[in-house]
Amino acid sequence: MNIPESGYTDHHTHPSSRCRILTECDARAASTWDEARTLIAAHIAANPSRDLYVVHGWNQSTWGTPTVADLDALTSKELIVINVSYHGALLNTAATLKFPGTLVPSGGEHASGTKVPGNSGNLVSEKDFEELAIATLP
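The numbering of the sequence shown is our numbering, which starts it at 1183 and goes up by one.
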């Protein structure tokens, strides 16, 4: 699917994703999972009527990889935590049920050949991330 955008863009400027931060949760400044969890919980508390929460900024090198249980503890509603690179995301149980077939199997390898050591079964591969991002546009 092609979405027209004005001005110069390429696959690595991610302008649409960056614009979404204005209305979604920006957790890029969090340097640990504990800090990120606090930011995400505050965002959820401030927006209780939403059915879907999208968080930007997951950094595996500083946050580690939050598990499904970590994300489920924040909300029973759909929660998508996007990687800071915009090349993947983590899903909680509710989001997994809404977007089946997009996950890299637990401890395994996605059909695309992506190997994900330590994956707890809630990682969306880069290949599937673009469709997921489009499906969650407001």
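Don't be surprised by glycine CBs; every beta carbon is placed ideally from N, CA and C. What you are looking at is a predicted structure, and each value in this text was computed from that prediction instead of being measured.
For residue 1218, there is no enclosing beta strand (DSSP E); the residue is part of the alpha helix (DSSP H) that begins and ends at 1215 to 1228.
Fully contained in the segment 1231 to 1280 are the following alpha helix (DSSP H) runs of length 4 or more, in chain order: 1242 to 1245, 1250 to 1254, 1275 to 1280.
If you draw a straight line from the Cα of residue 1245 to the Cα of residue 1264, it is about 12 Å long. Ranked by Cα distance from residue 1266, the options 1253, 1279, 1254, 1243 are led by 1243. Residue nearest to residue 1216 within the set 1269, 1255, 1259 is 1255 (criterion: CA-CA distance).
Each of 1238, 1225, 1232 was checked against the Cα of residue 1209, and the nearest Cα belongs to 1238.
With fewer than 16 other beta carbons inside 10 angstroms of its own, residue 1233 counts as exposed.
Taking C-alpha positions only, residue 1220 is separated from residue 1317 by approximately 26 Å. Annotation for residue 1277: 1260, 1261, 1262 place their beta carbon closer than 7 Å to its own, counting only its chain and skipping 5 residues before and after. Judged by their CB atoms, residue 1306 and residue 1270 are nearer to each other than the 8 Å cut-off.
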